[in-house]
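For reference, the structure is listed below as structure tokens.
Residue numbers (our numbering): 370 to 744.
Structure representation (structure tokens):
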């Protein structure tokens, strides 16, 4: 693509967001097709079989990101079944093979710069290893999952948190999503120490919850704990909820529901939640974290499945309706067409001027779940 075309794309998107121009016609099936196509292009753009971290309006396609490639494996396998497109499962297994190749001897997975081993990244890749084994029965995927799980437990603190190889060297509530990955590994092996590791972490996370459902320590950095992004708020709640459902812990499920009830009261008529919320569930910033919206819609749908409460279904559908209008279809540029940006507007605080692969991944997951619930 020419430099002039790249500049034109940048200016068009910025102007469209400045004037709040969206598109109105976008069905779930059409959105799914275009979003999955974009994820495939993100994989094809990389020099390996991983998935590009995303498309940046200034820097272009970025290198493959191990962490998010891990949980994209699940998404492509799910959509492969929904669409009867076996090539997507083949893509997912190529991703898995790449992750096995880059896994360290101790089981850890590196960050996006391939410089540091990271707990959270390893946990998210564990989801991919487990799913690949479930799909194929290949021992190498099981061995990779066991190696990753062992490393996660070896570096876990006695109180259930992770500090070593954690972002900033501090404990995080959103690492409940790592705990959930260990529950998935327990389902695969039946070895109780994975279940125990999951339990310890989520019990610590619950100790960080306020009476109104908000979680402390739910952001990337200590200074941002006072107003975490909806992205990490959702990581926290989903990890607690899924662990609770697997472990049959009603207190975990109740904690997740309490948090979502706090958010239920602040879902705007437009459907688009703001980018971050403080301990009083008051919004911060003048942007929307599109990734977090997709993740929270998923949790509302999960709670609807558990409770049959129509309010949760309505909230999830309202958020998805907002996201459907924000999927990039305003310009015919294959590098962004079908993707979801990090923030709306594009210059918003969370992952600005970029279409991160995980935003589109969670968008796909949320649309598939809505399609299932409303069929």
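Ideal Cβ positions, reconstructed from N, Cα and C, are used throughout, including at glycine.
Source: prediction; values computed, not measured.
Per DSSP, which one or two residues make a beta bridge with residue i?
i, result
"residue 486", "479"
"residue 652", "646"
"residue 430", "424"
"residue 584", "578"
"residue 713", "657"
Would you mind reading off the limits of the beta strand (DSSP E) that contains residue i?
i, result
"residue 754", "The first residue shown for the chain is 370 and the last is 744, placing residue 754 beyond what the model contains."
"residue 724", "723 to 725"
Can you name the start and end residues of the alpha helix (DSSP H) that residue i belongs to?
i, result
"residue 448", "435 to 452"
"residue 549", "545 to 558"
"residue 622", "619 to 633"
"residue 465", "455 to 471"
"residue 537", "Element bounds for residue 537: n/a, residue is neither H nor E."
"residue 695", "679 to 695"
"residue 410", "397 to 413"
Taking the C-alpha atoms as reference points, what is the distance between residue i and residue j?
i, j, result
"residue 444", "residue 653", "31 Å"
"residue 655", "residue 596", "13 Å"
"residue 425", "residue 722", "6 Å"
"residue 396", "residue 387", "25 Å"
"residue 633", "residue 613", "20 Å"
"residue 533", "residue 516", "17 Å"
"residue 734", "residue 665", "11 Å"
"residue 449", "residue 619", "33 Å"
"residue 704", "residue 625", "36 Å"
"residue 680", "residue 491", "35 Å"
"residue 437", "residue 493", "7 Å"
"residue 563", "residue 522", "8 Å"
"residue 418", "residue 507", "18 Å"
"residue 631", "residue 743", "25 Å"
"residue 415", "residue 482", "14 Å"
"residue 500", "residue 509", "12 Å"
Could you tell me how far apart the beta carbons of residue i and residue j are, in whole angstroms, since I believe they sit closer than 8 Å?
i, j, result
"residue 571", "residue 603", "Not confirmed; about 15 Å, so no contact."
"residue 513", "residue 472", "6 Å"
"residue 553", "residue 496", "6 Å"
"residue 605", "residue 663", "Contact flag wrong, Cβ pair sits at about 15 Å."
Considering only the alpha carbon of each residue, which of the options lies closest to residue i?
i, options, result
"residue 659", "626, 436 and 727", "727"
"residue 406", "729, 680 and 523", "729"
"residue 526", "510, 565 and 559", "565"
"residue 440", "508, 584, 461 and 432", "461"
"residue 594", "647, 376 and 740", "647"
"residue 690", "490, 640 and 477", "640"
"residue 557", "615, 608 and 543", "615"
"residue 489", "435, 708 and 401", "435"
"residue 468", "535, 458 and 479", "479"
"residue 716", "384, 375 and 668", "384"
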